């Protein structure tokens with residue numbers, strides 16, 4: 001959390017220095033975009049541990065694989081927490097849930113290896129049956145306390 005706050009403070013300083021009230025619309029817009037990206041870049045530069053919580057195997061790789069690779073390249077330790085087993089992740093009626101789970105776990109492990117993610121945590125809730133229960137909440141809290149991530 002402190003990384004995001006640190007980054008946003010940096011963005012705020014850029015906006016103050018630019019005296020945005022005196023700029024035309026286009027220049028103000030460009031200044032705001034630059035400030036936002038600078039703030040986020042600073043947050044990611046100082047983060048050492050990132051926790052990615054995904055509902056299904058491969059969600060983080062598909063949505064943020066490039067960012068994950070960049071963070072790993074910068075020395076960041078990435079942990080994936082996969083909430084469900086991915087057992088419904090096919091339209092093939094011949095593929096039973098246990099088989100698709102096995103396939104998706106293998107694919108996730110390989111993708112993580114390629115990106116440089118060293119730790120995968122599997123919660124193994126049934127695909128499409130995850131609910132906001134105390135069990136799920138407590139298990140996530142335990143992981144967050146153990147990892148102590150700078151960014152979630």
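In my numbering, the protein residues as written are 1 to 152. Where a beta carbon is used, it is the ideal one built from N, C-alpha and C, also for glycine. The structure displayed is predicted, hence computed values, not measured ones.
- [ ] Measure the alpha-carbon distance for residue 46 versus residue 24 and round it to whole angstroms.
- [x] In this structure, the alpha-carbon of residue 46 lies about 33 Å from that of residue 24.
Open item on the list: Between 82, 92 and 126, which has its C-alpha nearest residue 107's C-alpha?
Closed with: When only C-alpha atoms are compared, the closest one is 82.
TODO: If I'm right that residue 49 touches residue 149 with Cβ under 8 Å, what's the distance once you round it to whole angstroms?
DONE: About 5 Å; that satisfies the 8 Å criterion.
Open item on the list: Using the three-state DSSP reduction, which class does residue 78 fall into: helix, strand or coil?
Closed with: Residue 78 falls in the strand class under three-state DSSP.
- [ ] State the CB to CB distance for the pair residue 104 and residue 89, rounded to an integer number of angstroms; the pair is presumed to be in contact (CB under 8 Å).
- [x] Contact between residue 104 and residue 89 holds: their C-beta atoms lie close to 6 Å from each other, under 8 Å.
Task: residue 114 vs residue 143 beta-carbon contact at 8 Å - done: No.
TODO: Excluding the 5 residues preceding and the 5 following residue 3 in the sequence, name in chain order all residues of the same chain whose CB lies nearer than 7 Å to its CB.
DONE: Confidence at residue 3 is low in this model, with a pLDDT of 36, below 50, so its placement is unreliable and no value can be given for it.
Task: Sub-8 Å separation of residue 125 and residue 136 beta-carbons - done: For residue 125 and residue 136, yes; Cβs fall inside 8 Å.
Open item on the list: For residue 146, tell me which candidate among 119, 102, 93 and 134 has the shortest Cα-Cα distance.
Closed with: Just measuring C-alpha positions, the residue of 119, 102, 93 and 134 sitting nearest residue 146 is 119.
Task: Bridge-paired residues (DSSP) for residue 54 - done: Per DSSP, 82.
TODO: Check the DSSP bridge columns for residue 25 and list the partner residues they point to.
DONE: Looking at the DSSP assignment, residue 25 forms no beta bridge with any residue, so it has no partner.
TODO: Compare the beta carbon distance of residue 87 and residue 127 with 8 Å and say whether it is the shorter of the two.
DONE: The answer is yes: Cβ separation under 8 Å.
Open item on the list: Tell me the rounded alpha-carbon separation between residue 31 and residue 134.
Closed with: Going by the C-alpha atoms only, they are around 44 Å apart.
Task: Cβ neighbours of residue 116 in the same chain (closer than 6 Å, five flanking residues each side left out) - done: Non-local C-beta neighbours of residue 116 in its own chain, meaning closer than 6 Å and more than five positions away in sequence, comprise 72, ordered along the chain.
Task: Length of the line joining the Cα atoms of residue 98 and residue 85 - done: Rounded to whole angstroms, the separation of the alpha carbons of residue 85 and residue 98 is 9 Å.
TODO: Starting from residue 121, follow the beta strand (DSSP E) in both directions and report where the run begins and ends.
DONE: First-last of the beta strand (DSSP E) with residue 121: 119-125.
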